[in-house]
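The numbering used here puts the first residue of the sequence shown at 19, with every later residue one more than the last. Backbone N, C-alpha and C fix where the C-beta goes; we use that ideal spot for every residue, glycine too.
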Amino acid sequence: MLTIPGKKRGIKEEIFEMSDEPTVVYASGLEGVVVTRTRLSSVDGEAGRLVIAGFPVEELAGRASFEETLYLLWNDALPDGEQLSALRKDLAARRALPRSAVGVLEAAAAERVPPMTALRMAAGTLGLKDGDARDDALTLVAAFPSIVASYRRLSQGQETVEPDPELSHAANYLYMLSGEVPSAEQTRALETYLNTVSDHGMNASTFAARVIVSTRSDIVSAVVGAVGALKGPLHGGAPGPALDVVFEIGEAERAEPVLRGKLERGERLMGFGHRVYKVRDPRADVLAAAAERMYATDADMELYRLALEVEKTAIRLLAEHKPGRNLDTNVEFYTALLLHGLELPTELFTPTFAIGRVGGWTAHCFEQQALDRLIRPQSEYAGREDRSWVPLEER
Ligand code: COA
């Protein structure tokens, strides 16, 4: 067995020869392993470039409605007017939750479970009948905002708000949360966010969805698995803490001492650094521009200015603290600012991420179904080989 020194500390990579098979690479986190070909998105961490179905994220995210992005992901082309209005109608018709989902959400609210757990529980009720894949995907995408908004209201002891079929997917989500029709700027900001996070290469939740559907299981099962993967703190991210730091700093003059103190205590600055992006995360700029436009009309511009100051100071101090590492702003920093500006509570940040990413998950499921190849990696046995059975009375 040959051990290759890991490029990063803590990553164990080995190559071992198996008698009748070609050389097999062992990478415990599948780093560097290409598991499929996709036309859905490309993440270039060195160049800081994200392409979604052919469009650089900065070209697409601020222009497309979420429905257009969804159509693009599913069909590899932008819709014409007729195709778009048909998709809008299809989605709007599926927003109302089935009785089983409402019952599950009421039970979840009584138990005060976290919103991602409630989303996982209710999403499972969307596949009680074996449906056609496309039909299931439409239902999942349409129902996610209804689940998250209804659960929020139920857990606050409020009546749920009926969906409004006249509103766009993004506007209806905000409407079902607050009971008020959002402004055009608020809707645009949310659409930009949902488009930005709609797909991102072979991340853990997307991989989970593809593994499940590769067994010829159904899309609802695949998406429930993906929600489970996204729920983990290493994936769903923690935009909440990034915002907490901005609030803790409070005024621009305190940015340097507070951030310096954190670095000196060995703490990580939330919203900075990325496993794949070794330069600025391209999603940060898209979301910063969207946040700036929305804060200018619908939110507290002072907070936006403070966040810019915090960001500038953090990048400067990180360069000082970790020279040569290129630690820069990631998607979480501006996600936090943007979603906060939309008056979303921190605990809805990850479920709102899921509302965008379900577009990518379902598109990957279609791709995997077309490929129709079971995903079945190997493991290396590291246990004993020489045990003999000992009867219970002799152990
Ligand atoms: N603040 C302070 N130091 C940081 C840092 C941050 N945000 N991100 C990385 N570093 C430091 C690490 O402590 C490490 O230092 P060491 O070598 O002295 O131990 C070095 O930079 C390693 O960086 P790198 O290998 O690029 O990071 P990673 O791939 O292990 O981690 C993250 C990537 C995202 C987990 C990491 O940057 C992080 O924890 N960021 C803050 C949390 C966050 O914003 N998460 C959301 C990501 S979208």
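Under 8 Å between C-beta atoms of residue i and residue j
i: Leu115; j: Ser164; result: yes
i: Arg113; j: Ser173; result: no
i: Leu336; j: Leu326; result: no
i: Leu277; j: Ala354; result: no
i: Ala381; j: Phe351; result: no
i: Thr347; j: Glu320; result: no
i: Pro97; j: Leu105; result: yes
i: Asp262; j: Gly66; result: no
i: Thr364; j: Gly254; result: no
i: Tyr322; j: Glu338; result: no
i: Ser216; j: Arg375; result: yes
i: Leu356; j: Ala260; result: no
i: Ala71; j: Leu102; result: no
i: Ala136; j: Ala128; result: no
i: Gly63; j: Lys296; result: yes
i: Phe225; j: Val42; result: no
i: Val264; j: Leu324; result: yes
Cutoff 8 Å; reference residue i; Cβ partners in own chain excluding five residues on either side
i: Ile29; result: At Ile29 the pLDDT is 39, less than 50, meaning the model places this residue with poor confidence; the figure from the coordinates comes in the next sentence. Same-chain partners within the cutoff: Ala45, Ser46, Gly47 and Glu49.
i: Cys383; result: Ala151, Ala155, Ala227, Arg228, Val231, Ile237, Ala240 and Val241
i: Pro74; result: Arg67, Leu68 and Pro300
Beta-carbon contacts of residue i that lie in its chain and below 6 Å, excluding the five residues immediately before and after
i: Asn93; result: none
i: Gly219; result: Ser59 and Val61
i: Thr205; result: Ala188 and Ala189
i: Glu184; result: none
i: Asn273; result: Asn is not the amino acid found at residue 273; the sequence shown has Ala there. Result list for Ala273: Ile267, Glu327, Val328 and Thr331, in chain order.
i: Val69; result: Ser60
i: Thr143; result: Ser118, Ala119 and Val122
For residue i, the three-state DSSP class (helix, strand or coil)
i: Asp182; result: coil
i: Arg311; result: helix
i: Tyr191; result: helix
i: Tyr44; result: strand
i: Arg67; result: strand
i: Ser60; result: strand
i: Pro275; result: helix
i: Thr347; result: strand
i: Pro74; result: strand
i: Glu385; result: helix
Own chain residues within Cβ distance below 7 Å of residue i, not counting five before or after
i: Leu366; result: Pro133, Val166 and Arg170
i: Gly80; result: Thr210, Val304, Ala307 and Ala308
i: Glu203; result: Arg311, Met312, Thr315 and Asp316
i: Glu76; result: Pro300, Asp303 and Val304
i: Arg391; result: Ser232
i: Val294; result: Val61 and Gly63
i: Asp182; result: Asn190 and Tyr193
i: Gly197; result: Val179
i: Leu410; result: none
i: His358; result: Leu261
Which listed residue (the options) has its alpha carbon closest to that of residue i
i: Phe84; options: Glu411, Gly378 and Val241; result: Gly378
i: Leu158; options: Pro183, Glu76, Glu177 and Ala244; result: Ala244
i: Tyr193; options: Glu350, Leu362 and Ser239; result: Leu362
i: Leu87; options: Val242, Thr214, Val199 and Leu261; result: In the sequence as displayed, the identity of residue 87 is Thr instead of Leu. Cα-wise, what sits closest to Thr87 is Thr214.
i: Pro200; options: Glu411, Met319, Thr315 and Gln396; result: Thr315
i: Asn221; options: Ala161, Leu252 and Asp108; result: Leu252
i: Ala140; options: Lys147, Ala161 and Asp153; result: Ala161
i: Leu195; options: Glu77, Ser186, Phe73 and Glu180; result: Glu180
i: Leu248; options: Pro183, Ala372, His292 and Ala126; result: Ala372
i: Gly250; options: Gln387, Glu198 and Arg138; result: Arg138
i: Gly121; options: Gln101, Ser168 and Glu76; result: Ser168
i: Gly289; options: Ser235, Pro341, Glu274 and Val349; result: Val349
i: Leu389; options: Val43, Arg272 and Thr56; result: Thr56
i: Leu123; options: Thr178, Pro395, Ser397 and Ser235; result: Thr178
i: Ser235; options: His358, Trp407, Ile393 and Gly99; result: Ile393
i: Val51; options: Val408, Pro395 and Gly175; result: Pro395
i: Thr370; options: Leu410, Glu274 and Gly258; result: Gly258
CB contact below 8 Å: residue i versus chain B
i: Val264; result: The question asks about chain B, but that chain is absent: this structure has only one protein chain.
Report task. Specify whether the stretch 260–269 and the stretch 396–404 touch according to this definition: at least 3 beta carbon pairs, one from each stretch, less than 8 Å apart. Result -> Contact between the stretch 260–269 and the stretch 396–404 is absent, because fewer than three Cβ pairs lie under 8 Å.
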